[in-house]
Amino acid sequence: MRFNNISVVHSKNFSLSSRLAVCGLSGLLWILSATGIPAWSETNDLVQPQAKLEETGNSALARDSEQKIRQLFEEGVDLLKKNRAYDARERLEKAAYLAPRSAGIHCNLGLAYQNSGNINKAIGEFETALRINPSMPEAALNIAGCYQSVGDNENAIRWYTKYLDENGKAAQADQVRDIVESLKHSVGRGEANPHGPDYFANIGREGVFRWAQEKVPLRVYIESGKAISGFYPRYDEFLMQSFVDWCKATDGKLSVVRVDKSNQADIFCSWTANPQEVTTNGTQGERGSARIIAKGNTILRATLVILTKPFLEDGILSDDDMKKACLHEVGHVLGLQGHSNNNHDVMFFTVDTSTVWPVLSKRDKSTMAKLYEGFVKRAESTAKK
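Numbering (my numbering), first residue to last: 340 to 724.
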């Protein structure tokens, strides 16, 4: 919004974590406990291999087969929640071999491939799940997320729209609609070459914002997270290091200094375990939120909030996830108000994807360097604490 030549710009990552859709096992059912954790349910329905075994009268072998599939499934889901996608793949591949007609196993196997960076195999598993069970919303949503993660916005829109057509009243439907609108807005807008040296063309559509040279070093205040659920002291270090890394990308033309009082700060940083503080609808699809206040194209001050809560209720937020979130949001408050269309850049609009590493890419560094190329390098160090 803009008033009296003062702009308030909110940067948002349009992403819906694939981990929101941990699917059930067809035949061997799971239910959601009160905390949202998949739990096993006793049932007389049996997966395909067991049914065939019972036809031959070998009920003991059938029970062993069921138990083995059940164990592999539960181990795979548990590993997914712990961000151990490669280990989850091993379990779920074995489960899929034993129960090839289980849509739930194929969907979770697709999730394991997706979270370990094998997008083509992930899409194949989700499509297999949908052939078995055409009304599985998790699979459609995850296919859309796969296409979004590789920058194929047209196919992402197609699959998100399919999901909305069939699940328009689902809890995350409003967030999916936001994602679709954002993706539609980006299609055909002449974005920067995703394989070019930088993505500067993507950050200036609504105006190029940067800090004034006389503001350098920028004063950063990081609020204590000790009272915040899920916070660890090392997160504070990750956040400060993110400022240092971005400043290094400018060859010292931009620098920061940490201050002890919030009223001294140009940039105010805080932590939250409440997803509603980083997104408007509380659907837990955002890892952080960044806002700048600018006069004309000059940033006057900024705030950022980082979520300390994993997307799954009993999941684990990895250090790499936190580092990526910090780097991404710091990029926004330093002036990168758009997103990259290359899924290997930290500023890619979907930061929660395995193709993004917790380090600045060459394109990230080049874009920030270009933003501040007119500044004069100062003698002081990049950051002080």
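Beta carbons: idealized from backbone N, C-alpha and C, even for Gly. A quick note: this is a predicted structure, and the numbers were derived from the prediction, not measured.
Contact annotation: the region 534 to 545 does not touch the region 499 to 518, with fewer than three C-beta pairs closer than 8 Å. As far as DSSP is concerned, Y425 takes part in no beta bridge. Looking only at L593, I645, I655, the smallest Cα-Cα distance to P614 is reached by I645. DSSP places I632 within a strand segment (E or B) once states are collapsed to three. Non-local C-beta neighbours of I655 in its own chain, meaning closer than 8 Å and more than five positions away in sequence, comprise K420, K421, N422, P649, ordered along the chain. In the three-state reduction of the DSSP assignment, R470 falls in the helix class, which pools H, G and I.
Annotation: Y499 to Q552 spans about 43 Å, alpha carbon to alpha carbon.
The alpha carbon of L418 has as its nearest neighbour, out of P439, G635, A442, N447, the alpha carbon of N447. Beta-carbon to beta-carbon, G591 and I638 are separated by about 19 Å, too far to satisfy the 8 Å threshold. Under the criterion of beta carbons closer than 8 Å, T611 and I542 do not qualify as touching, at roughly 26 Å. Non-local C-beta neighbours of S679 in its own chain, meaning closer than 7 Å and more than five positions away in sequence, comprise Y538, N541, M686, F687, R702, ordered along the chain.
The bridge partners DSSP lists for R640 are I632.
In the DSSP assignment, the residues bridged to T611 are L646. In the three-state reduction of the DSSP assignment, S581 falls in the helix class, which pools H, G and I. Around the C-beta of Y436, fewer than 16 other C-beta atoms lie within 10 Å, and the residue is accordingly described as exposed. Nearest neighbour of G490 by Cα position, chosen from N681, F607, A424, A633, turns out to be N681. Residue pairing of S679 in beta bridges, as defined by DSSP: F687. Using a 10 angstroms sphere on the CB of H445, the tally of other CB atoms reaches 16 or more, which defines it as buried.
By the 16-neighbour rule on beta-carbons within 10 angstroms, H671 is buried. Excluding sequence positions up to five before and after P556, its CB lies within less than 7 Å of the CB of S594, V595, V596, E719, all in the same chain and listed in chain order. At a Cβ-Cβ threshold of 7 Å, A588 and M707 count as neighbours.
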